[in-house]
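Asker: Note that the protein sequences, when read in sequence, are chains R and X. Residue numbering for the first sequence follows this note's numbering, starting at -19 and increasing by one per position. Residue numbering for the second sequence follows this note's numbering, starting at -19 and increasing by one per position. Every residue gets a Cβ at the ideal spot worked out from N, C-alpha and C, and that includes glycine. Predicted model only: the values in this text are computed from it and were never measured. Have a look at this one before I ask anything.
Number of protein chains: 2
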Amino acid sequence: MVREGALYATVAQALRDGISRGDYRDGARLPSESELAETYGVSRGTVRQAFAALRAEGLITSRQGARRMVLGGERVQGFSELISFSAWARAIGEQPSGRVIELVRRAATDPEAAELDVPPGAMIYHLTRVRLLSGQPVMVERTAYVERVGALLPGIDMATESITERLAELDVVFADADHGIDAVAAGPEDAALLEVPEGTPLLRTRRRGTDPAGNPLEFSIDSYRGDAVVFRVHNSVAATALARTGNPPRPTGSD
Amino acid sequence: MVREGALYATVAQALRDGISRGDYRDGARLPSESELAETYGVSRGTVRQAFAALRAEGLITSRQGARRMVLGGERVQGFSELISFSAWARAIGEQPSGRVIELVRRAATDPEAAELDVPPGAMIYHLTRVRLLSGQPVMVERTAYVERVGALLPGIDMATESITERLAELDVVFADADHGIDAVAAGPEDAALLEVPEGTPLLRTRRRGTDPAGNPLEFSIDSYRGDAVVFRVHNSVAATALARTGNPPRPTGSD
DNA sequence: GAGTGGTCTAGACCACTTG
DNA sequence: AAGTGGTCTAGACCACTCT
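What follows is the structure, given as structure tokens:
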């Protein structure tokens, strides 16, 4: 168990550890807020903050009046796995690698300029890579970086290092990402790079990554072999915390 | 503006309204916590709870020391749009409809039993529908319902009503959903139902929906025309809802 | 240095689940 | 009826941003 900066993060990690270790099995009821508050010597609010994190991750249920329970299903944790191919590969026990097809500095196309929120024709860096899991090509990545970020790329060994992680060390931190996911047929170039027949179904994601202030850092179009990856989404009424739209049956009368 | 049950929900909705009304434009800085606390006559904690909801929705940024800002980009609303085709269709301004291919009560297959957390061979309801947007077939839906829920289906007009919304009125409420998204080639049956050539890329989602207590209610395999839909997901360091799961193509040689 | 968000505490009351 | 989570308050201190 690693010491985190915040108390609630420590408690949250302890609970995650307990769940993955099997102390709390699938469907098992977790300790109450007050129990945990006493155990860890923190206030109930801090325990609630820890639970909120696990709730957002889809790890546990939460209903008024009832103990929280562990939700089934294996989960991949963390924001970094979603934005970094390398981090994701390691998380599932695979060896990530990459082959750079092209890295150029050029004027942004109109769509790129729009996504990166830069003036039309502004200079950007564009990187094309094939990403491999244990030597097998599984994804073609075409990423446009804003100039400030792209200028750091030549100093990074893109075949072995994780760009995202290296950038983080250089204080370029990703905080938010929007993903658009659809399915397309492999064109000639993607088919060749992925070593599949033309027309093979590909899972394509278009992702815009932004820094903590909301400024776009990169815009990437990633095309995965359809048989190589599954995107998993967990969501809940709690995570979106939005009111129900329904019409509760009014006992009083008509409307 | 509708009165919500909780104070923080009222504040959150007021902020959403302000954003969509344009009071706070893209990139604009929002009022501080203390300002809002005074404005609405609530404590700072309540304001923070409201902001947390908007943060989880990907509507705003949040960094220590700096005012929160409005994030750009159109958003997918909430939980209901991901779990209900009808709700989603309406949200994008399309007319949803459905054509029932088959509704049967039968014994669950092993995978179905596992997903629905019922004993092997238990009775379930299985529904096959083609879903249409403005008359165009865009998705084939194959859903297994636990018996308790499926027994309600015959009373629902599945061609025009939203099953999810009708079930909510009957106190069958979805609270969580796990989605697995990948890309596959259309087989003969799907191709016929969707009126596309065999082999056309389809975006397939496998979804398990559970009630507030974590009990599975339905397991659905939805196959969308790849050119008809884009899934949008927002995630952030603050709230992670998306994950990739590996299914690496096995090299035939070593290992 | 002033302002702001992030964390934390110690209470309180209510709505809901459970035995 | 007891236990539990959901909401809310009123403070406090700290880390960080901004100008």
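(1) Of all Cβ atoms in chain R, is any one closer than 8 Å to the Cβ of residue 38(X)?
(2) Need the endpoints of the beta strand (DSSP E) that residue 4(R) sits in, please.
(3) In its own chain, which residues sit with a C-beta less than 7 Å from the C-beta of residue 228(X), not counting the 5 before and 5 after it?
(4) Just reading off the alpha helix (DSSP H) that residue 34(R) is part of, what are its end residues?
(5) Quick check on this structure: which residue in 95(R), 77(R) and 104(R) has the alpha carbon closest to the alpha carbon of residue 117(R)?
(6) Just mark residue -5(X) as buried or exposed, buried being the case when its beta carbon has 16 or more other beta carbons within 10 Å.
(7) Tell me, which residues are paired with residue 215(R) by DSSP?
(8) If you measure beta-carbon to beta-carbon, which residues of the region 137 to 156 of chain R are closer than 7 Å to chain X?
(9) What do you reckon, are the CB atoms on residue 213(R) and residue 155(X) nearer than 8 Å?
(10) What does residue 43(X) reach in chain R if we use C-beta pairs closer than 7 Å?
(11) Going straight from the alpha carbon of residue 25(R) to that of residue 70(R), what length do you get?
(12) Helix, strand or coil for residue 200(X), going by three-state DSSP, please let me know.
(13) Within this structure, are the beta carbons of residue 188(R) and residue 196(R) separated by less than 8 Å?
(14) Select from 3(R), -10(R) and 67(R) the residue whose C-alpha is nearest the C-alpha of residue 17(R).
(15) From residue 125(X) to residue 160(R), what distance separates their C-alpha atoms?
(16) If we require 3 or more residues per run, which beta strand (DSSP E) segments fall completely within the region 92 to 139 of chain R?
(17) Measuring alpha carbon to alpha carbon, tell me which of 83(X), 122(X), 176(X) and 43(X) ends up nearest residue 92(X).
(18) Taking only beta-carbon atoms, is residue 161(X) less than 8 Å away from chain R?
(19) Any residues in the region 164 to 189 of chain R with a beta carbon nearer than 7 Å to a beta carbon of chain X? Which ones, in chain order?
(20) Should residue 60(X) go down as buried or exposed, given a rule of 16 or more other Cβ atoms within 10 Å for buried?
(21) Using a Cβ-Cβ cut-off of less than 8 Å, give me the residues of the region 191 to 217 of chain R that come near chain X, in sequence order.
(22) Does any residue of chain X have a CB that is nearer than 8 Å to the CB of residue 16(R)?
(23) Quick one: list the residues of chain X neighbouring residue 3(R), beta-carbon separation under 7 Å, in chain order.
(24) Are the region 157 to 173 of chain X and the region 200 to 212 of chain R in contact at 8 Å, needing three or more beta carbon pairs?
(25) When the cut-off is 8 Å and only beta carbons count, does residue 90(R) lie next to chain X?
(26) On the DSSP bridge assignment, give the partners of residue 84(X) in chain order.
(27) For residue 158(R), go through chain X and note every residue whose CB falls closer than 8 Å to its CB, in chain order.
(28) Residues of chain X with a CB under 9 Å from the CB of residue 49(R): which are they?
(29) Could you check whether the Cβ of residue 132(X) sits closer than 8 Å to any Cβ belonging to chain R?
(30) Give the interface partners of residue 62(X) over in chain R, defined as CB-CB distance under 8 Å, in chain order.
(31) Among the candidates 106(R), 107(R), 108(R) and 89(R), whose CA atom is the shortest distance from the CA of residue 100(R)?
(32) Using only the alpha-carbon positions, how far apart do residue -18(R) and residue 80(R) sit?
(33) Using C-beta distances below 8 Å, list every residue in its chain close to residue 223(R), excluding the 5 sequence neighbours before and after it, in chain order.
(34) Taking all protein chains shown into account, do 16 or more other C-beta atoms lie within 10 angstroms of the C-beta of residue 150(R), making it buried, or fewer, making it exposed?
(35) Quick one: what's got a C-beta closer than 6 Å to residue 64(X)'s C-beta in the same chain, skipping five residues either side?
(36) Check whether the Cβ atoms of residue 138(R) and residue 109(R) sit closer than 8 Å, and answer yes or no.
Answerer: For this structure:
(1) Along the second sequence, read from residue 1 onward, the residue named residue 38(X) stands at position 58. It does; some Cβ of chain R falls within 8 Å.
(2) For the purposes of this step, residue 4(R) is taken as residue 24 along the first sequence, with counting starting at 1. First-last for residue 4(R): undefined, no H or E at that position.
(3) Numbered from its first residue, the second sequence carries residue 228(X) at position 248. For residue 228(X), the pLDDT reaches just 41, beneath the cut-off of 50, and the residue's location in the model is therefore unreliable, although a value from the coordinates is still provided. Excluding sequence neighbours, residue 228(X) sits near nothing in its chain.
(4) On the first sequence, residue 34(R) is found 54 positions in, with the first residue counted as 1. Taken as a continuous stretch (DSSP letters only), the alpha helix (DSSP H) holding residue 34(R) covers 24 to 36.
(5) The count along the first sequence starts at 1 and reaches residue 117(R) at position 137. Closest by alpha carbon: 77(R).
(6) Indexing the second sequence from 1 puts residue -5(X) at position 15. Classification of residue -5(X): buried, given that the 10 Å Cβ count is 16 or more.
(7) Stepping through the first sequence from its first residue, residue 215(R) is reached at position 235. BP columns for residue 215(R) point to 157(X).
(8) 155 and 156
(9) Taking the first residue of the first sequence as 1, we reach residue 213(R) at position 233. Taking the first residue of the second sequence as 1, we reach residue 155(X) at position 175. The answer is no: Cβ separation not under 8 Å.
(10) Taking the second sequence and counting its residues from 1, the one referred to as residue 43(X) is at position 63. Within chain R, the residues near residue 43(X) are 192 and 193.
(11) Walking along the first sequence from the start, residue 25(R) turns up at place 45. Walking along the first sequence from the start, residue 70(R) turns up at place 90. The alpha-carbon atoms of residue 25(R) and residue 70(R) are separated by roughly 34 Å.
(12) Stepping through the second sequence from its first residue, residue 200(X) is reached at position 220. Here residue 200(X) sits in strand by DSSP.
(13) Mapped onto the first sequence, residue 188(R) falls at position 208. Mapped onto the first sequence, residue 196(R) falls at position 216. Contact: yes.
(14) Mapped onto the first sequence, residue 17(R) falls at position 37. Closest by alpha carbon: -10(R).
(15) Residue numbering aside, residue 125(X) sits at position 145 when the second sequence is read from its first letter. Residue numbering aside, residue 160(R) sits at position 180 when the first sequence is read from its first letter. Approximately 29 Å between the Cα atoms of the pair.
(16) 103 to 113 and 116 to 126
(17) Stepping through the second sequence from its first residue, residue 92(X) is reached at position 112. For the residues 83(X), 122(X), 176(X) and 43(X), the minimum Cα distance to residue 92(X) belongs to 122(X).
(18) As a first step, residue 161(X) must be located in the second sequence, where it is residue number 181. At least one chain R Cβ lies under 8 Å of residue 161(X).
(19) 164, 165, 179, 181, 182 and 183
(20) In the second sequence, the residue the question calls residue 60(X) occupies position 80. Classification for residue 60(X): buried.
(21) 192, 193, 194, 204, 205, 206, 207, 208, 209, 210, 211, 212, 213, 214, 215, 216 and 217
(22) Residue mapping note: residue 16(R) aligns to position 36 of the first sequence, counting from 1. Residue 16(R) does not count as touching chain X.
(23) For the purposes of this step, residue 3(R) is identified with residue 23 of the first sequence, where counting begins at 1. Neighbours of residue 3(R) on chain X: none; closest Cβ ~18 Å, over 7 Å.
(24) yes
(25) Walking along the first sequence from the start, residue 90(R) turns up at place 110. No, its Cβ sits nowhere closer than 8 Å to a Cβ of chain X.
(26) Position 104 of the second sequence, counting from 1, holds the residue named residue 84(X). Its beta-bridge partners are 106(X).
(27) As a first step, residue 158(R) must be located in the first sequence, where it is residue number 178. Near residue 158(R) (Cβ distances below 8 Å), the residues of chain X are 38, 53, 212, 213 and 214.
(28) The residue labelled residue 49(R) in the question sits at position 69 within the first sequence. Near residue 49(R) (Cβ distances below 9 Å), the residues of chain X are 193 and 194.
(29) Indexing the second sequence from 1 puts residue 132(X) at position 152. With 8 Å as the cut-off, residue 132(X) does not count as an interface residue toward chain R.
(30) In the second sequence, the residue the question calls residue 62(X) occupies position 82. Those within 8 Å of residue 62(X) in chain R are 213 and 215.
(31) Here residue 100(R) refers to the residue found at position 120 when the first sequence is read from its first residue. Taking only the C-alpha atoms, the option nearest residue 100(R) is 89(R).
(32) If you number the first sequence from 1, residue -18(R) lands on position 2. If you number the first sequence from 1, residue 80(R) lands on position 100. No answer about residue -18(R) holds up, because its pLDDT of 43 lies below 50 and its placement is not dependable.
(33) Along the first sequence, read from residue 1 onward, the residue named residue 223(R) stands at position 243. Residue placement at residue 223(R) is flagged as unreliable, the pLDDT there being 24, under the threshold of 50; a coordinate-derived value is accordingly withheld.
(34) The residue labelled residue 150(R) in the question sits at position 170 within the first sequence. Its Cβ having fewer than 16 others within 10 Å, residue 150(R) is exposed.
(35) Stepping through the second sequence from its first residue, residue 64(X) is reached at position 84. Cβ within range, chain order: 142 and 144.
(36) In the first sequence, the residue the question calls residue 138(R) occupies position 158. In the first sequence, the residue the question calls residue 109(R) occupies position 129. Going by C-beta atoms, residue 138(R) is nearer than 8 Å to residue 109(R).
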